[in-house]
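Colleague: Using the numbering used here, the first residue of the sequence shown is number 1187, and each one after it goes up by one. Glycine residues also receive a C-beta, built at the ideal position from the N, C-alpha and C atoms.
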Amino acid sequence: MLLRELSFFGAKRAWIFAVLIFLGRLGLVSKAQARSSFLESLGQGMVRKADEKYQSRWTLADWFETQRQTRLQDMWLAGNRGEDIYDFGIGGSFGTVSIFRDGATTKSDEVEGRSGYMLAYATLIGVEARYWNYAHSQAGSAEEEYGWRAALALRLIGDSQQNTNLTLYGGSGFIKDGSGDTARSTFAGARATLYLTKAFGFDAAYEFWLPTKTDFGADIEGSRLEAGVFLDFAFLRLFGMGTWDSRMRKFQAISSDRKRESIDAGLKLFF
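(1) Measure the CB-CB distance between GLY1452 and SER1284 and report whether it falls below 8 angstroms.
(2) Go through its chain and collect everything with a Cβ distance to ALA1339's Cβ below 6 angstroms, but skip five positions before and after it.
(3) Taking only the alpha-carbon atoms, compute the straight-line gap between TRP1395 and ARG1254 and give it to the nearest angstrom.
(4) Of all the options THR1400, GLY1289 and LEU1382, which has the alpha carbon lying nearest to the alpha carbon of ASP1418?
(5) Compare the beta carbon distance of GLU1329 and GLY1366 with 8 angstroms and say whether it is the shorter of the two.
(6) Starting from the Cα of LYS1436, find the closest Cα among ARG1423, LYS1454 and GLY1403 and give me that residue.
(7) Thinking just about the alpha-carbon of each residue, which of LYS1399, SER1448, ASP1345 and PHE1360 is nearest to the one in MET1434?
(8) State the beta-bridge partners of ALA1378 as determined by DSSP.
(9) Can the beta-carbon of TYR1320 be found closer than 8 angstroms to that of GLY1302?
(10) Where does GLU1330 sit, in a helix, a strand or coil, going by DSSP?
(11) Got a sec, what are the start and stop residues for the beta strand (DSSP E) PHE1437 sits in?
(12) Report all residues from its chain with a CB closer than 6 angstroms to the CB of ILE1449; omit the five preceding and five following residues, and keep chain order.
(13) Classify LEU1214 as helix, strand or coil using the three-state DSSP reduction.
(14) Which class does ALA1451 belong to by DSSP, given the choice of helix, strand or coil?
(15) Would PHE1416 pass as a contact of GLY1387 if the rule is Cβ separation under 8 angstroms?
(16) Is the separation between the beta-carbon of ALA1385 and that of ALA1413 shorter than 8 angstroms?
(17) If I measure Cβ to Cβ from TYR1317 and keep anything under 6 angstroms in the same chain, skipping five residues before and after, which residues do I get?
(18) Going by Cα to Cα distance, which pick from ASP1443, MET1304 and GLU1393 is closest to SER1371?
(19) Pick out whichever of LEU1305, LYS1445 and ALA1336 has its Cα sitting closest to the Cα of GLY1357.
(20) Identify, in the order they occur along the chain, each residue of the same chain with its Cβ nearer than 6 angstroms to the Cβ of GLN1348, setting aside the five sequence neighbours on each side.
(21) Along the beta strand (DSSP E) that carries ILE1311, what are the first and last residues, could you check?
(22) Please return the same chain residues whose Cβ sits closer than 7 angstroms to the Cβ of ASN1351, not counting the five positions on each side in sequence.
(23) If the criterion is Cβ atoms closer than 8 angstroms, does the pair LYS1454 and PHE1286 meet it?
(24) With DSSP run on the structure shown, which of helix, strand or coil describes ASP1363?
(25) Label PHE1373 either buried or exposed according to how many other C-beta atoms from any shown protein chain fall within 10 Å of its C-beta, with 16 as the threshold for buried.
(26) For THR1282, which of helix, strand or coil comes out of DSSP?
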């Protein structure tokens, strides 16, 4: 009987000891996992903090790069801003305009074209305006047209419009043809002027009119290309210019294409 009780207490002690060992191992595993998670978070935090320090670190190389960029900006400003920050100009041109319809190679009609120009700049920013009037020999012809456009311009290169320059512009315009139909549309364009000598150079511009609807319900869109040469005499510029104007019109599922071409002569005054 005594031996049986000793055997029972021995088995019970062995079972309790096994449970304690299991719990101890489980605690060690939990502590190891917690320690691993803590070390991982600590490592990530240290890496992130080190990266932030790296990104914000001041170095002599960064200082030299900042100085280089500043010099480049100063050179650009010095080369594209004159002593006189204001720039104004007015002008006009005239020419006979040939009209071509729906892809034809022979002209279907012609009109007499007159145009007026105005520009005003303060440093690199300016406003420009143009007015045109196409008069037909027969009053009331559908080929007659007048209109205007006004634009806000940004001169990217050059210190004035009477110098080599590259200018971007965009704005709004109005058109009325001989039939009485009118349209208002926005447009955007670019102009480049290149002096080959101190007085002689080339001038070119391209602009496109965004699609719009006329008062009669027609859908129109178009573009205009100008290219020419000029000769400066102090503040006076004499120029010759070729123009190519294209316009698509769609009304009640009927589309028509009209192109206008001309060789214009004119003058501009800069002050």
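Modeller: In short:
(1) Going by C-beta atoms, GLY1452 is not nearer than 8 angstroms to SER1284.
(2) For ALA1339, same chain residues with a beta-carbon under 6 angstroms away, outside a window of 5 residues either side, are GLY1312, GLU1314, THR1353 and TYR1355 in chain order.
(3) 41 angstroms
(4) LEU1382
(5) Going by C-beta atoms, GLU1329 is not nearer than 8 angstroms to GLY1366.
(6) The option with the nearest alpha carbon to LYS1436 is GLY1403.
(7) Out of LYS1399, SER1448, ASP1345 and PHE1360, LYS1399 has the C-alpha closest to the C-alpha of MET1434.
(8) Residue pairing for ALA1378: DSSP places it in a beta bridge opposite LEU1352 and ALA1390.
(9) Taking 8 angstroms as the Cβ cut-off, TYR1320 and GLY1302 do not qualify as a contacting pair.
(10) coil
(11) 1422-1437
(12) Once the five neighbours on either side are set aside, the close Cβ partners of ILE1449 are GLY1281 and GLY1428.
(13) Confidence at LEU1214 is low in this model, with a pLDDT of 48, below 50, so its placement is unreliable and the value that follows should be read with caution. Helix.
(14) strand
(15) The answer is yes: Cβ separation under 8 angstroms.
(16) no
(17) GLY1302 and TRP1334
(18) GLU1393
(19) ALA1336
(20) PHE1456
(21) 1311-1321
(22) ARG1341, ILE1343, GLY1344 and THR1379
(23) If you check the CB distance, LYS1454 and PHE1286 do not come in under 8 angstroms.
(24) Here ASP1363 sits in strand by DSSP.
(25) buried
(26) strand
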